[in-house]
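Quick note: the sequence shown uses the working numbering, first residue 10, plus one each step. Yeah, the Cβ is synthetic: ideal placement off N, Cα and C, and Gly gets one too. Model, not experiment: these values are computed from the prediction. Structure record follows, encoded as structure tokens.
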Amino acid sequence: MVNDQTKLHGDNNDNACLRWLNEQPRGSVLFVCFGSGGTLSSAQIDELALGLEMSEQRFLWVIKNPNDKVSSGSFFNVNNILNDPLNFLPKGFVERTKRKGLVVPNWAPQAQVLAHESIGGFLTHCGWNSILESVVNGVPLIAWPLYAEQKMNAVLITRDMKVGLRPEIGEDGLVEREEIGSVVKRLMEGEEGKKLRYRMKELKEAAIEVVGENGSSTKQIEELALKWKKV
């Protein structure tokens with residue numbers, strides 16, 4: 010299914026991702042993406058890859074070249090264009106997971122992916138836009154913050170909103186493969202995941218209500234527009 014995934018680049022990612030998702034069962038795929046700038050170390054990429062494999066769950070992973078110095082390296086790294094990120098995956102990973110996973114380099118149409126019916130979870134860096142897109146589509150989360158306000162956002166979605174899980178970091182500073190495999194399986198298959206999915210569905214419905222015709226957000230926007238007209 011993903012024998013040609015090393016050929017996925019640029020605009021071709023859009024159609025390739027969506028075509029692949031069309032072939033997957035409803036709610037079965039974990040989307041893995043760390044935003045525009047988020048990067049992992051080489052060692053962490055290995056652990057994430059092997060953890061996804063251990064989970065035995067379907068996944069769509071947007072991978073970038075590793076950066077062993079900063080977690081926001083994709084903002085400044087021209088190597089993301091020059092080098093193929095798939096070259097940094099563990100040997101044999103793509104072949105072993107080809108029936109369950111799709112790995113695409115650098116970018117995917119996130120809004121369309123999260124809106125797809127086959128998506129059942131989102132492993133995210135906890136950027137605010139990503140969180141909002143998840144709520145709008147009712148997709149529960151695995152929180153993996155990297156920098157800036159993302160750690161606060163992770164606390165919000167796991168402790169306050171209760172719509173996500175958060176893997177624990179090991180003593181060596183890595184989220185280890187066993188932890189990743191366990192958390193992914195809990196979200197996608199476990200009772201805990203079912204509760205998070207139900208809670209996220211409630212948030213989705215609340216979000217739809219506030220932007221509806223008589224919703225609070227709609228009314229506030231209308232009031233603001235009237236004030237601007239009077240200026």
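Boundaries for residue 111: no alpha helix (DSSP H) harbours it, while the beta strand (DSSP E) harbouring it runs 110-114, taken from the DSSP string.
Distance from residue 189 to residue 173 at the Cβ level is roughly 14 Å; contact not present, criterion being Cβ atoms closer than 8 Å.
Within the region 138-225, the complete beta strand (DSSP E) segments at least 3 residues long are 150-152, listed from N- to C-terminus.
Secondary-structure assignment with DSSP links residue 42 through a beta bridge to 133. Taking residue 136 as reference, the option from 129, 154, 193, 124 with the minimal CA-CA separation is 154. With 16 or more other Cβ atoms from the protein chains shown falling within 10 Å of its own Cβ, residue 209 counts as buried. Between residue 129 and residue 197, the C-beta spacing is below 7 Å. Here the alpha carbons of residue 76 and residue 34 stand approximately 34 Å from one another.
Taking residue 61 as the centre and dropping the five residues before and after it, the same chain places the C-beta of 68 closer than 6 Å to its C-beta, in chain order. Taking the Cα positions, residue 140 is about 23 Å away from residue 53. Assigned with DSSP and collapsed to three states, residue 69 falls in strand.
Distance from the Cα of residue 46 is smallest, within the candidate group 96, 170, 73, 97, for 73.
By the criterion of a C-beta distance shorter than 7 Å, residue 159 is surrounded in its chain by 134, 135, 136, once the five residues flanking it on both sides are discounted.
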